[in-house]
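Worksheet: the structure to be examined is printed underneath.
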Amino acid sequence: MIISGLHKMTLLDYPEKIAATVFTGGCNFRCPFCHNASFVLNADKTQNISEKEFFDFLIKRKGLLDGVCISGGEPLLQKDISKFISKIKSLGFLVKLDTNGSFPFKLKGLVSNGLVDYVAMDIKNSPAGYAKTAGTTEEVLSKINESVDFLLADHIEYEFRTTVVKSFHTKEDFIAIGKWLQGAKRYFLQHFVDSGDLIQSGLCSVEKAELTAFADVVREYIPNAQIRGI
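Reminder that position 3 of the sequence shown reads as -11 in this note's numbering, one-by-one numbering, no gaps.
And the structure:
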């Protein structure tokens, strides 16, 4: 496992749980607004924490933390992700997985084996906007669709979420996203914040009024869509 970072406690990353968040290195997407660019672009140089160090920390937090959020980068790129999660579960922690949805076979395997308790899947844009937003191909988009369909089938607790960035997202995109994810239990439009570690500098969030308007559009298809981060 390439472990690039660790937040030792969060009340935000895992809904209604006290958790730690571990960040894996490397990603197969190149989203300009990615807020962990150093983890994505320099994965081979960001092995900041050893597995031993991570699990030593986790053992000391038994009884204090409810779960572990595994984020990135893209965690499902890691060859030993299943073994890593199994060890976390063996210590009695819940596991939340953040993913871009491009590895449906791995996602289904983890869920079917009871290794994941909650999935947060990033929806980068409308299907038509994926190429410009994440640098993906039609083949990758078909895999993302497969993951969307799997989560919509209600095999596990999940959420979909979109980080909304000026110049990348329009009202038409959110109409398309609403239709695409119609029936979703949870969908969040996330306010963009410049982390200082972006792939492309100089990006901006949309105004609150525009974000609210986008949410209203989505609610025509996903009534419980919410705004996060404002």
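C-beta atoms are modelled at their ideal positions from N, C-alpha and C, and glycine is treated no differently. Bear in mind the structure is a predicted one, so any value in this text is a computation, not a measurement.
Have a look at residue i and residue j and give me their C-alpha separation to the nearest angstrom.
i       : j      : result
Lys129  : Leu93  : 11 Å
Asp(-1) : Gly215 : 12 Å
Ser76   : Ser133 : 26 Å
Ile163  : Val126 : 17 Å
For residue i, count the other beta carbons within 10 Å of its own beta carbon; 16 or more makes it buried, fewer makes it exposed. Which is it?
i       : result
Ile67   : buried
Ala195  : exposed
Leu50   : exposed
Leu(-3) : exposed
On a Cα-Cα basis, can you pick out the residue from the options that is closest to residue i?
i       : options                            : result
Gly100  : Ile109, Met107, Lys69 and Glu125   : Lys69
Gln168  : Asn131, Ala199, Lys(-6) and Glu196 : Asn131
Glu60   : Asp52, Thr85 and Asp103            : Thr85
Glu39   : Leu(-8), Gly121 and Glu193         : Leu(-8)
Ile71   : Thr198, Leu(-3) and Val8           : Val8
Gly11   : Pro209, Ser133, Lys65 and Lys(-6)  : Lys65
His155  : Phe19, Ala6 and Ile4               : Phe19
Lys(-6) : Glu2, Cys17 and Phe41              : Phe41
Ser153  : Gly78, Lys118 and Arg16            : Lys118
Between residue i and residue j, which are expected to be in contact by the criterion C-beta below 8 Å, what is the C-beta distance as a whole number of angstroms?
i      : j      : result
Ile109 : Phe160 : So it is not a contact: roughly 10 Å between Cβ atoms.
Tyr144 : Tyr207 : Between Tyr207 and Tyr144 the Cβ distance is about 17 Å, and since that is not below 8 Å, they are no contact.
Gly121 : Arg16  : 4 Å
Using a Cβ-Cβ cutoff of less than 6 Å, which residues in the same chain neighbour residue i once the five nearest sequence positions on both sides are dropped?
i        : result
Ser(-10) : Phe9, Gly11, Phe25, Thr32 and Asn34
Cys55    : Asp(-1), Tyr0, Ala5, Thr7 and Lys82
Output needed for residue i: all residues of its chain with C-beta closer than 7 Å, excluding positions within five of it in sequence on either side, in chain order.
i      : result
Asn111 : Thr119, Phe154, His155 and Asp159
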